[in-house]
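Protein chains in written order, with our numbering: chain B, 9 to 120; chain A, 854 to 962.
By construction, the Cβ of each residue, glycine as well, lies at the ideal position given by its N, Cα and C atoms.
Being a predicted model, the structure only gives us computed values, none of them experimental.
Here it is, written out as structure tokens:
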């Protein structure tokens, strides 16, 4: 199994609080991604990174920020959590283009 | 943005049946991935395709780049194949994925 770990696995938080999810990889892969999975929408890209300090927005980036200060860690921050951000969040990694992708176990986030 | 469509959305089969799941996409891609997700579970990559056909055990995946279409076949289906199968296309400078909404497969013994 590829070395990719998400933390926490489950979290309940209150509306308006900041939340940070962590994705850690031991594969030295260049590309890292954050996706959210919602019923009826499938998986959608939030943000991605193509190197240390190099990040870009995906299709559902509003209300989220990311940081990548080291190759192995990619952090997703909900600046002020809202109920619409209740979701399952997946981190993924790939090496170069056209290589296999590996997914973390997912983080179930509930905003109350 | 790439529009990715999968069919069928839901599929119930008897054990031993041959199963086909289809995926079509709207614009050019660098690769297409088939993923598997068990209930409450994580996501596992089954295949990565940029052309032709790949086989792994009872699973076969094909892609037709000109027609922008891919199929995932399961031969001699088994109850342990019950899962959601997701088609994802990779494109863009970040090699990011765009996903179909998935096909929920149930194989009955």
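Beta-carbon of residue 11 of chain B versus every beta-carbon of chain A: anything under 7 Å? No - not a single Cβ of chain A is within 7 Å of the one on residue 11 of chain B.
Three-state class that DSSP yields for residue 934 of chain A in the structure shown: Helix at residue 934 of chain A.
What first and last residue would you give for the beta strand (DSSP E) that runs through residue 926 of chain A? Unbroken beta strand (DSSP E) run through residue 926 of chain A: 922-927.
Any idea if residue 57 of chain B is buried or exposed, counting beta-carbon neighbours within 10 angstroms, 16 or more meaning buried? Burial call: buried.
Per-residue DSSP class, three states only, for residue 903 of chain A: It is coil, neither helix nor strand.
Measuring CB to CB, does residue 126 of chain B end up less than 7 Å from residue 96 of chain B? A question about residue 126 of chain B goes unanswered here, because the residues of chain B that appear run from 9 up to 120.
Among residues of its own chain, excluding the 5 on either side of residue 76 of chain B, which ones have a beta-carbon nearer than 8 Å to its beta-carbon? Residues of the same chain with a CB within less than 8 Å of the CB of residue 76 of chain B, apart from the 5 flanking positions on each side, are 40, 57, 59, 60, 61, 62, 63, 82, 83 in chain order.
Cβ of residue 869 of chain A less than 7 Å from any chain B Cβ? Residue contact check for residue 869 of chain A against chain B: no CB pair falls below 7 Å.
I need the boundaries of the beta strand (DSSP E) containing residue 55 of chain B, first residue and last residue. Note, residue 55 of chain B: beta strand (DSSP E), 50-59.
Inter-residue CB distance, residue 936 of chain A and residue 886 of chain A (contact presumed, cutoff 8 Å): Not confirmed; about 15 Å, so no contact.
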